[in-house]
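Residue numbers (our numbering): 533 to 821.
Report on the structure given below.
Next up, the structure:
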């Protein structure tokens, strides 16, 4: 059905419970040789209306599997223990799924202390000690933790910025920061709602968005990393490029709960470096677990 504007994408339910399967696939190709990273996990989301414009998201994460042949078993165990800090989180949002605060942040801080205590028995040295201090400091800052939770690698595929009001002539746009396009780099992507691609019927609402690199900010990071990795490129003609950036979100038309969300990113810098990233979260039944 052709959309009638303005469209308000806002939560509309007293309570809901869903299981989601989350997958993250990353393919790095250097001189034609591809290395793959994979992360799989399951979310259980309990969504509850607290008052007129406040909702509670209780997000439980389990069955986390991280595959990367460059990581040893001990390194994977280390990452799993750190990830377990966020395996049971309660977030408070408004009816546009905008994150307002973390409920029980002190509980997460206590889990950090216990996790560091356990890890420090096995992983020692200055690098480990610096990491433990950074981890503790990080969880003392609620704003930083909130920003981290909204990344696609955590809960950002469910608490997405496309909740809100959409006008045909004024597409929603916003900036998203990534640090996984290349090691030791950051880049800001401008995501833009494709209002002409909105579709819905009595049951489903489909939203689509694209992304662009708005400026050459931080490009020197990429050139420096290419040099450190000894990856040849033409300094005059090669530059960080988005070959593809396409996201699709399928929502329940009535409740506006996310049913499926997929984002595909293809990035390159010259002929010798390519990166493909796929984020995907999809509702599954209890029987599919």
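All C-beta atoms, glycine included, are put in the ideal place defined by N, C-alpha and C.
Just so we're clear, the structure is a prediction, and the values are computed from it rather than from any experiment.
Determine the extent of the beta strand (DSSP E) in which residue i is found, giving its start and end residues.
| i | result |
| --- | --- |
| residue 639 | No beta strand (DSSP E) contains residue 639, which is instead part of the alpha helix (DSSP H) from 637–651. |
| residue 818 | Premise fails: residue 818 is in no beta strand (DSSP E) and is neither H nor E. |
| residue 542 | Taken as a continuous stretch (DSSP letters only), residue 542 belongs to no beta strand (DSSP E), as it is neither H nor E. |
| residue 551 | 547–562 |
| residue 798 | 790–800 |
| residue 775 | 773–784 |
What would DSSP say about residue i, mapped onto helix, strand or coil?
| i | result |
| --- | --- |
| residue 659 | helix |
| residue 692 | coil |
| residue 669 | helix |
| residue 686 | coil |
| residue 664 | helix |
| residue 705 | strand |
| residue 697 | strand |
| residue 633 | strand |
| residue 811 | strand |
| residue 625 | strand |
For residue i, count neighbouring Cβ atoms within 10 angstroms of its own Cβ and tell me buried if that reaches 16, exposed if not.
| i | result |
| --- | --- |
| residue 711 | exposed |
| residue 725 | buried |
| residue 684 | buried |
| residue 729 | exposed |
| residue 540 | exposed |
| residue 800 | buried |
| residue 629 | buried |
| residue 648 | buried |
| residue 670 | exposed |
| residue 756 | exposed |
| residue 554 | buried |
| residue 533 | exposed |
| residue 594 | exposed |
| residue 577 | buried |
| residue 758 | buried |
| residue 582 | exposed |
| residue 589 | buried |
Which residue comes first and which comes last in the alpha helix (DSSP H) that contains residue i?
| i | result |
| --- | --- |
| residue 675 | 674–681 |
Inside the region 716–766 only - beta strand (DSSP E) runs reaching at least 3 residues: Secondary structure remark: continuous beta strand (DSSP E) runs of at least 3 residues inside the region 716–766, in chain order: 719–725 and 736–744.
Alpha helix (DSSP H) runs wholly inside the region 565–622, at least 4 long, in chain order: 605–615
Cβ contact (3+ pairs, closer than 8 Å) linking the region 779–790 and the region 744–751: no
Cβ contact check for the region 556–572 and the region 799–816: 3 or more pairs under 8 Å: yes
The region 569–577 touching the region 589–609, judged by at least three CB pairs closer than 8 Å: Because the criterion of three Cβ pairs below 8 Å is met, the region 569–577 and the region 589–609 touch.
Meets three-Cβ-pair contact criterion under 8 Å: the region 602–609 and the region 623–638: no
Stretch pair the region 768–778 + the region 730–745: three plus CB contacts closer than 8 Å: yes
Stretch-stretch touch, CB-based, cutoff 8 Å, three pairs: the region 695–709 with the region 658–677: no
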